[in-house]
Every structure is written in structure tokens, then in C-alpha cells.
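Protein chains in written order, with my numbering: chain G, 4 to 585; chain E, -1 to 287.
1. Helix or strand or just coil, what does DSSP make of residue 37/E?
2. I need the straight-line Cα distance from residue 386/G to residue 219/G, nearest angstrom please.
3. Please name the residue in 501/G, 337/G, 58/G, 364/G whose C-alpha comes closest to that of residue 289/G.
4. By how many angstroms is the C-alpha of residue 252/E removed from the C-alpha of residue 214/E?
5. What does residue 115/E reach in chain G if we use C-beta pairs closer than 7 Å?
6. Quick one: which residues of the region 124 to 151 of chain E get their C-beta closer than 8 Å to a C-beta of chain G? List them in chain order.
7. Quick check on the DSSP output: the beta strand (DSSP E) that includes residue 98/G runs from which residue to which?
8. Using a Cβ-Cβ cut-off of 7 Å (strictly less than) and excluding sequence neighbours within five positions of residue 553/G, which residues of its own chain qualify?
9. Please report how far the alpha carbon of residue 158/E lies from the alpha carbon of residue 133/E, in whole angstroms.
10. Measuring only the C-alpha atoms, how far is residue 526/G from residue 368/G?
11. Mark residue 300/G as exposed unless 16 or more other C-beta atoms lie within 10 angstroms of its C-beta, in which case mark it buried.
12. Candidates 352/G, 70/G, 37/G: which alpha carbon is nearest residue 577/G's?
13. DSSP three-state call for residue 566/G: helix, strand or coil?
14. Assess contact between the region 144 to 161 of chain E and the region 230 to 237 of chain G, defined as three or more Cβ pairs (one per stretch) separated by less than 8 Å. Is contact present?
15. According to the neighbour-count rule (16 or more other Cβ atoms, all chains shown, within 10 Å of its Cβ), is residue 240/E buried or exposed?
16. Give me the DSSP bridge partner(s) of residue 440/G.
17. List the residues of chain G that residue 105/E touches, going by C-beta distances under 7 Å, in chain order.
18. According to DSSP, is residue 17/E part of a helix, a strand, or is it coil?
19. If you run the structure through DSSP and keep just helix, strand and coil, what is residue 423/G?
20. Determine the direct distance from the alpha carbon of residue 436/G to that of residue 443/G, and round the result to whole angstroms.
21. Cutting at 6 Å between CB atoms, please list the residues of its own chain near residue 477/G, excluding the five before and the five after it.
22. Span of the alpha helix (DSSP H) holding residue 324/G?
23. Output needed for residue 453/G: all residues of its chain with C-beta closer than 6 Å, excluding positions within five of it in sequence on either side, in chain order.
24. Is any beta-carbon of chain G found at less than 9 Å from that of residue 33/E?
25. If you compare alpha carbons, which of 507/G, 580/G, 30/G, 475/G is closest to residue 531/G?
26. Any chance you could list the beta strand (DSSP E) runs of at least 3 consecutive residues sitting entirely within the region 197 to 235 of chain G, in chain order?
27. Residue 23/G by DSSP, collapsed to three states: which one?
28. Using a Cβ cut-off of 7 Å, which residues of the region 151 to 166 of chain G contact any Cβ in chain E, in chain order?
29. Can you tell me whether residue 191/E is buried or exposed, with buried defined as 16 or more other CB within 10 angstroms of its CB?
30. Please report the Cβ distance between residue 139/E and residue 155/E, rounded to the nearest whole angstrom; I am assuming they are in contact, meaning their Cβ atoms lie under 8 Å.
31. Within the continuous beta strand (DSSP E) that includes residue 304/G, where are the two ends?
32. So with CB distances below 7 Å, who are the chain G contacts of residue 159/E?
33. Taking DSSP's pairing of strands, which residues face residue 344/G in a bridge?
34. Is residue 287/G helix, strand or coil when you go by DSSP?
35. Identify, in the order they occur along the chain, each residue of the same chain with its Cβ nearer than 7 Å to the Cβ of residue 92/E, setting aside the five sequence neighbours on each side.
36. Report the residue from 271/E, 245/E, 237/E whose alpha carbon sits nearest the alpha carbon of residue 255/E.
Structural data, given as C-alpha cells:
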């Protein structure tokens, strides 16, 4: 029987090629027309320590990983110890027959042991131990009947730079892996049939999608300091900076990074800063400078669980409240909370328009789960040409030439936004300051002016809310028994939980806030008022979004499903908790 | 005892009964450590433990403070009072510790990115005020823990994930920075110079004032591989070939270059006496009401 949905896990130590093997396999899966969801689970260290790469393979688009492992590839003994209990009955373990693992224990649990001399095959057919991973892929192909040509294509591409011999060796090792499984009479319950009609897809993770979105949105400057799990955005943009003509700078700290971006933005660049929660905390003072001087600023905060260093390579949604309220004094900012590849791409592109239109900080808050999870999407989702660049109230050279009155950088206007001029024009030589200031940018302590300036800045958020903040994504039947509210990366697991709940006879719907701040209160109120029983699902321990909703709407979400163990939600976990609630 | 030959299968850890000679200064329950094979961090930590031992330190006599990064993990393996602080802030944390408990011997053990990039400001100010701290910087020219980004000591033209076209910046010459900021003891050794490193550690553990040792270490995973430096052993060999011991050398002339034929000047560059922050404070307060 053709397999609809299965999970394969590659496990080993850091530095054993687990991630690159997993990524290669995902690409092959995507090219076969099947739908992958890949999730990397790693520790904060470069070598050693159990790491795994989990790949869900389905016959339809999937948005989350799920519980239960069908096939486990164990490069180390620890992998078996760590995951044996998660393997479903009828599943199996592919492992090097040199490993000290208990095959009888597996069989008692209804799990099939598939010992394969992975290293020996790698040495004999390929001449290098590292190809044991390729042999394991061969074993998976042998067990699932997956068409080897997709893997061969990936091997040819991935190893082309290393020369024909390496390509040939890897192909031989993969084929020997298949051959070994077939000739030893190993069988499994799985059958991975390709879906040729699926068409072309792009294999991509959330950080890549955000980076591409930023490029599509006209990003031409990035200053950032390394911080897991945000670093790959900086690395990717830096790697392509020459061809994309983007100024990149890795300075000495997050303080320097954010102030560089504000400086660059002041003179007209579309400047991006990437970081995680700890780095964002260091940027908080500068956030206020951007707010006060009305300088556009785009920050991507890819969060991990805190406080402090917390769990550097894990996921969590504990930074929302901190971002919404960061920095002293009241000033507006926009916070986007994408939950899918498409939303991450759009956030990358949109944030520069929003920052320039409203001349304020715009923060995209994602997390390790969205950042590192790999999915296959329709290439049209990443529409590099389609992003419209809107620089807002931005005076052109001609407009500045024609300017007759003195230029007022912080001019009072109806919507609160003052037309911006890039320094360098004789008709618009101006100053601005982090102190409270007049329309001209001179320091003032005048109470009336101060009030007017505060009102002007606040007004911009109201305008943004009306014109640009997108309503939450609503899915599922309107008259559902239970209504789930979520934001950011949790959306994927909630979306899949709806289906599972329906299978169990529970009708559920969802409301996913992809734009979190200013909170789109009206549609949230509509959703909550129309709901029978409401539940917030979020990855923190205090119900941060729940609190923000109460604060902004006066509505209290009935129940909480919270998780703060550093691991992402699974649909199964949500289903179980929903059932406890209703 | 003959050395294990390369083709002999290594024994599994559980089959070997050994006690590390420096176990009393370590937390065996936290081992094996996280560092890659070939990294110089284990060597530096081992030399530090031997220095403690030779100077007769008990576990409650000293504290180790680290920042974030591969070197930042040192604090977690030392059995004394130890603190793993936030990125770049080991020195101010240690300063607070020292000022509040002057009896405690305080060592800051951290990496080049932690101490000289994000924490650079703290370093120069602590050296300027000559607060009584021993600072050990394991310099591997890169951010190892996050996968090999460019840092403040990455040599010009070296490659890193965030310097794919080669580093455009000039690196800090750490001994020169420490000396100019006011450190009373400044030395540099590589992870190959184990005995001399240990002696330098003994010196900073016993000398008053702001003392500094730079330990040049391979990062085969994050730096060496990207920069054609071969395996860790090749890097150690290059230290042997390139190192020139020059005690008392002018710190302004000990820059490290990418050129594989250039010298790595090592040695004790500064060893002078100067009243510490606390001594100055005592003197100035004496006689005041």
C-alpha cells in the first residue's frame, strides 16, 4: 500500500553530516513530487552530542512535524536509546551492524531491526567512512521502494564540485545500500511512490525565506552580530552580497549593529538588523532612538528560549511581550509574526515598506522552529519580482529642488508621518535628535509641543493599523466547538491539529495572528465573540499573546495551551490538550 | 608504553579506567567536554589546572568567570566557584566579584570574540583601572560556537562565513591592546607551548593587578578548514615552525598575519609593577573622614 505520511529520523553526533544528509534527502523527496517537512534538532555545540534531523514525508502539503517515527537511521548507539520509544509499531531502525544495540529489545517493541554494514559499504564502495550516510540513504530507498533516480540527481549536484570520482563513489555507495537491503530480505510496511504531477517546488527554510523577502523588498544594507538561530540570515545575505550589491557589516556587537543600521537608514538605505532575543535586548536603547528620530529600522528577531542565554539552539515564543514594550517611553512600532514560509518571505519584503511608510521600527519576530524547518513550497511563493517597493512620504530630488519653505523633518501632518528627506540636499539640511524636539528637530522641553509630538508619533501606529496591518488568518468552520488562537510558527501545528480534531469528531477553527502589533483588535474581537470556547496556543509560559489580546480588546481567551520546554508544538500535543480542555 | 597505532581500533571510554591527574580541579560528571578534537581549549584548561596545582590552590580559593562561546564553556568544567555569564560581560561580572570579595582570586577565561568584540570596551577599562584580575583569552581567530564567523582577531584576508570574500578588516593585536590599556603582565603562547603557558598562568594567578595571557589555539572546524590550514595537527606543526620566542618584545610589533611564512611572536611582553585599583583606592581613602 502506498504510504500517505511517514517520518524518517537521521540521528548521530554533531559533525557527522546528519544535517546535510537530511537536506539532500528532503530535496530528493521534493523532486519526486512528495511533500517534505524537515526539522533539525541540535545542541549548542559544534562536535559531539546527539543531534537529529527529522523528515516527514507526505502525499499532501504539510505544515508541521508530527509525533512517532517510522524509520530511524542510527549513526550512533545514542540515537537508538534516545528514540526507540518513539518508533511506531511496524517501524524500523537502520543501523550499522557494528553498533552495540539490542535488536531483541526492538523486536519486543514491534520495531524491525535493519542492521546494515554502513561504514563497511562506505569504505568498500566509496573509500571514505563519511559516506556511511549515503549508504543509509540507500537502505531507506531499499526499504521504501523510493525511486533512486531522485537521490542520484541530488548526489550528482551536491558532489559535482568535488569531482567525478566523489560523485561516482557516492552513487556506488547508495546503490550498494539498496542492494544490501534487497539481498538480505529486509522488508518494511512503507512504500514511497512519487507524485510526478506535483510540479516544481522550492526547498527552503524560514530564515532563507525571510532573507529572500528582504532582498525582494529592496534591502541594501545589513549589519548584524552572530547569534543563533538568526545567524544564517546574515550569512546568506553576506555570501550573496556582491552579486546583490548589498552592504554587509558584522560589527563588534549588537549595539553597534543596530546603530549602524539606523545611521544607514537615515541616509536612505533599506537597512536590516538580524538577531535573537539576547541581542535584541542589547538593541533596546537604539530602538527608542529609531522611534524618537522617526528613522525607519527593520529588525528580524529569530527567537530562542530565554531568559539570558537560555537554550541557544531551541525554539520558543517568549519574546513577544518584550518586543512590543521594549525601550523606555511610549512610542509605536510594528511587529510581524509570520508562521509559514510564505509569510516569512512576505514579512521580509513588507517590513521595509512599513518602516519607511511609518518611519518607525518594524520587527519581524520568528523563532528557531520557523527559521530552521525546511519545507517544499511552490516557487511562486517566493516572488522576487512581485514585491512592490513603497518608500512612503519620501521627498524626491525634484520635490526638494522645488521646496520653498524651510524643510521640517518632524512636521505635524494629518496621519502623523512627516515627509522624509535624505540628507545631502541644500534645501533640506536638517538635524534630528533623541531628545524631544520641535518640528525642525531642535531640542525642546515645551510641554505643549511635547504632547503634540507624542500624539504625532502615536498617530502613525493608528494609521498603520488602519491601512497596513493585516487581519489574522482564520480557518475552519465558523460554528466550531472550540476556537484556537495562535501566532508565529505555532500556526503549522495548530492547522494540522484542526484536521486531527475533526477526525476525532471535534470541530475546531483557528485564528492565526501573522501581524501582531499594533494588534488587529477588531477582527480578533469578532473571532472571539463568535466562538463557543476559546483556547490560546503559544510557546511561552505566561500566555503573552493572551495578555496582549486582553490588554487591547478587553476579551479574555478562556483556556491556555502553553509550552516552554524549548521544543515546538506537535499537532498531537495540541489535540491532546484541547481534549482535556473541552 | 607504545603509542596506539592509527589503525588499531581505539578503546571505548567505558573500557578504560583512568583518572585525569587534574581531576580535583574538574567536574568529571560534565565530561566528555564539547570541544572538537584538535581544539586548543582542553590544552589551555589542562595547563590552567596544573598552574593551580603548582601554586597550591584549593577549590574555594579561586573563581573562574567565562562569557559565551566555546571558551565560555571552561567555567562549566572547573570545579571551583564558576560563572558562565552573558556574552562579553565576563570582565564586569568578575570585577564586581573581585571588588565585593577581594580575598578571592578571580580568573576570566574567555574567547577572542567574547572578550574583544562585544566585550572589548570592558577589557580596556578593566586594564586601565588595573583591577586585580587574571584574564586568559583563547584566541582561535573566529566565532567557533556559532559556526565560524569573522571576529576581531581574524587576520586580514582570512575567510569566514561572514567574510566570504576574505576579511577586509585589520585584526587587533591583543598583547598590544592589553599593554596600551595598562595591563601589568602580558604574555602570548600557542596551545603547543604547554609548559610555558602553564608558567604564565602561574604568574597571573599570583601577580597582583590586571594580567593577561593570550593563547593562540587552532579551530580546525570553524577556521582551519576554511583557510587551508589542514587538520589540527598541521596547525600545531605550523605553530612549531612559525613561533618565535621573544620575551620583552615590543608589543606593537607582534601582529599575527595570515601569511603561513610569517612569524608568530610569543613570549612575555610586559611584566611590571603598578598599584592596583584597590590599592590606589585604599591610599586615597587613608586619612579621609
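No residue lacks a Cβ here, since even glycine has one placed at the ideal position from N, Cα and C.
Only a predicted model underlies this, so the values are computations on that prediction, with no experimental measurement involved.
In short, the structure shows the following:
1. Coil, per DSSP.
2. A straight-line Cα-Cα distance of about 8 Å links residue 386/G and residue 219/G.
3. Distance check between residue 289/G and each of 501/G, 337/G, 58/G, 364/G places 364/G closest, using alpha-carbon atoms only.
4. The alpha-carbon atoms of residue 214/E and residue 252/E are separated by roughly 13 Å.
5. What residue 115/E touches in chain G: 255, 256.
6. Hits within the stretch, in order: 141, 142, 143, 144, 145, 147, 148, 150.
7. From DSSP, the beta strand (DSSP E) with residue 98/G extends over 90 to 99.
8. Counting only Cβ-Cβ distances below 7 Å, and skipping sequence neighbours, we find 559.
9. C-alpha of residue 158/E to C-alpha of residue 133/E: approximately 26 Å in a straight line.
10. When rounded, the distance between both Cα atoms is 21 Å.
11. By the neighbour-count rule (16 or more Cβ atoms within 10 Å), residue 300/G is buried.
12. For residue 577/G, the closest alpha carbon among the candidates 352/G, 70/G, 37/G is that of 70/G.
13. Three-state result, residue 566/G: coil.
14. A contact exists between the region 144 to 161 of chain E and the region 230 to 237 of chain G.
15. Buried is the call here.
16. Per DSSP, 446/G.
17. Neighbours of residue 105/E across chain G, judged by C-beta separation under 7 Å, do not exist; the nearest C-beta is about 20 Å away.
18. Of the three classes helix, strand and coil, the one that applies to residue 17/E here is coil, per DSSP.
19. Of the three classes helix, strand and coil, the one that applies to residue 423/G here is strand, per DSSP.
20. Taking the straight line joining both Cα atoms gives about 10 Å.
21. Correct list, in chain order: 514.
22. Unbroken alpha helix (DSSP H) run through residue 324/G: 323 to 328.
23. Once the five neighbours on either side are set aside, the close Cβ partners of residue 453/G are 439.
24. True, the Cβ-Cβ gap to chain G drops below 9 Å.
25. The shortest Cα separation from residue 531/G among 507/G, 580/G, 30/G, 475/G belongs to 475/G.
26. Within the region 197 to 235 of chain G, complete beta strand (DSSP E) segments of at least 3 residues are found at 205 to 208, 224 to 226, given in chain order.
27. Correct three-state label for residue 23/G: helix.
28. Answer in chain order: no residues at all.
29. The residue is buried, with at least 16 neighbouring Cβ atoms inside 10 Å.
30. Contact doesn't hold; Cβ gap of about 12 Å is too wide.
31. Segment 300 to 306, the beta strand (DSSP E) holding residue 304/G.
32. For a Cβ distance threshold of 7 Å, residue set 238 of chain G lies close to residue 159/E, ordered along the chain.
33. Bridge partners of residue 344/G: none, in fact.
34. The three-state secondary structure of residue 287/G, taken from DSSP, is helix.
35. Exclusion of the five residues before and after residue 92/E leaves 63, 104, 106, 131 as the residues of its chain whose Cβ lies within less than 7 Å of its Cβ.
36. Selection 271/E, 245/E, 237/E evaluated against residue 255/E yields 237/E as nearest (Cα-Cα).
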